[in-house]
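Numbering (my numbering), first residue to last: 511 to 902. The beta carbon of each residue, even a glycine, is placed where N, CA and C say it ideally should be. Quick notes on the structure that follows.
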Ligand SMILES: [Ca+2]
């Protein structure tokens, strides 16, 4: 066995002191640089899987800085900075107060398109009300200065707040044209997904400072929140910009069955809970559902009868691994695999499940600046993995 440098960093920061509404995070070591590699077979060749780091506590989102360092969010309220070799550098300080309970907590992280000038990063998270018993999805923008956030500002938050820790989303995606998309859930308050005066169960589109774009579809309509881009969504935990069409694609958890991919168009109704391909977990129909289709409601672009439990997603656009170029990858939680979809234009023409024999829930997937794929697994002792298609 070759000598390996094990760098163990015990985090001394007391993350618990800035958490509201839930058990404090349990600081634990993130172990980097083990470099353990495994091979897996796939339709397009052999896949080399390298374990870059482990010990993350319920990680949610991964983002690359321009210098190839990485930011990883942990749902209990930590933001970690890793160097380009995935060694832990620091826990970032100066985060906002975060509501941590169930599915709620610190969620996605996104690096501003002009980061090299602005040093701005964006976080989506659950923000509590004053009583601390309910929360809503919110977006925080701040500058990353060394190992802390500075000049932080809440640029968006759901009001009223309805969640006690379920179906909060969330992913953050820039459209490359001066806007930020925020995916959200309906807080398991199903009918609110159809209420246009509420922000739960909506995809929203903001300017980079959080203001409402003048060309949002409902601007100026009485009783309708102008942030809304599309509605009738259950819980979108994945989103990515299609690099070839520049359109946003989202993944959405169905109930029992009926997970969806959508390409949300402005002002459209994506149906939840009126139309769905899923049923309740107890085997009964969704109470509000009238079927799988209705006038004025959009069909999903793609759906699964058996829910993989879709999480983060990434389009792969690189010549580094030609066999995967043009594919769409999605993490599957319950499905414990990485879903690879082949596209013909927007049409999904083939699906392969990767890494299924590892039995790991996949929380996020991103294309790295080196043209390789990076995954976060899920849970209390989660891993950062790097995938390379070597038999291509
Ligand atoms: Ca739908």
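What do you get for residue i, buried or exposed, if any count of 16 or more other CB atoms within 10 angstroms of its CB means buried?
i, result
"residue 721", "exposed"
"residue 601", "buried"
"residue 657", "exposed"
"residue 503", "Past the edges of the chain, shown from 511 to 902, lies residue 503, and the structure says nothing about it."
"residue 842", "buried"
"residue 660", "exposed"
"residue 791", "exposed"
"residue 645", "buried"
"residue 581", "buried"
"residue 551", "exposed"
"residue 540", "buried"
"residue 586", "buried"
"residue 797", "exposed"
"residue 613", "buried"
"residue 775", "exposed"
May I have the straight-line CA-CA distance separating residue i from residue j, to the nearest angstrom?
i, j, result
"residue 752", "residue 808", "19 Å"
"residue 772", "residue 605", "32 Å"
"residue 878", "residue 591", "15 Å"
"residue 750", "residue 860", "19 Å"
"residue 805", "residue 727", "19 Å"
"residue 833", "residue 848", "16 Å"
"residue 840", "residue 824", "7 Å"
"residue 884", "residue 731", "42 Å"
"residue 620", "residue 725", "23 Å"
"residue 708", "residue 747", "19 Å"
"residue 767", "residue 782", "13 Å"
"residue 690", "residue 715", "6 Å"
"residue 611", "residue 547", "34 Å"
"residue 648", "residue 637", "6 Å"
"residue 617", "residue 736", "24 Å"
"residue 706", "residue 639", "21 Å"
"residue 872", "residue 670", "32 Å"
"residue 822", "residue 886", "9 Å"
"residue 815", "residue 770", "9 Å"
"residue 668", "residue 686", "24 Å"
"residue 857", "residue 836", "12 Å"
"residue 761", "residue 631", "23 Å"
"residue 717", "residue 652", "15 Å"
"residue 493", "residue 817", "The first residue shown for the chain is 511 and the last is 902, placing residue 493 beyond what the model contains."
For chain B, check one thing: does any of its Cβ atoms lie closer than 8 Å to the Cβ of residue i?
i, result
"residue 571", "Judged by its chain identifiers, the structure shown contains no chain B, having just a single protein chain."
Counting only the same chain and skipping the five closest in sequence on each side, list residues whose C-beta sits under 7 Å from that of residue i.
i, result
"residue 801", "785"
"residue 719", "665"
"residue 852", "837, 859 and 860"
Using a Cβ-Cβ cutoff of less than 6 Å, which residues in the same chain neighbour residue i once the five nearest sequence positions on both sides are dropped?
i, result
"residue 795", "789"
"residue 711", "696, 702, 703 and 743"
"residue 778", "740 and 808"
Note the first and the last residue of the continuous beta strand (DSSP E) segment covering residue i.
i, result
"residue 863", "857 to 864"
"residue 556", "555 to 566"
"residue 881", "Per DSSP, residue 881 belongs to no beta strand (DSSP E) and is neither H nor E."
"residue 759", "758 to 762"
"residue 738", "738 to 741"
"residue 651", "645 to 655"
"residue 893", "892 to 899"
"residue 667", "658 to 667"
"residue 571", "569 to 574"
"residue 712", "712 to 717"
"residue 455", "Lying before the first or after the last residue shown, residue 455 is absent from the chain, which here runs from 511 to 902."
"residue 854", "847 to 854"
Tell me which residue opens and which closes the alpha helix (DSSP H) that residue i is part of.
i, result
"residue 625", "625 to 628"
Ignore the nearest five residues each way along the sequence and tell me which others in residue i's own chain have a CB closer than 8 Å to its CB.
i, result
"residue 803", "785 and 809"
Worksheet item: Pick out every residue whose C-beta is nearer than 6 Å to a heavy atom of ligand 1: which are they, in chain order?
Response: 770, 780, 781, 782 and 810
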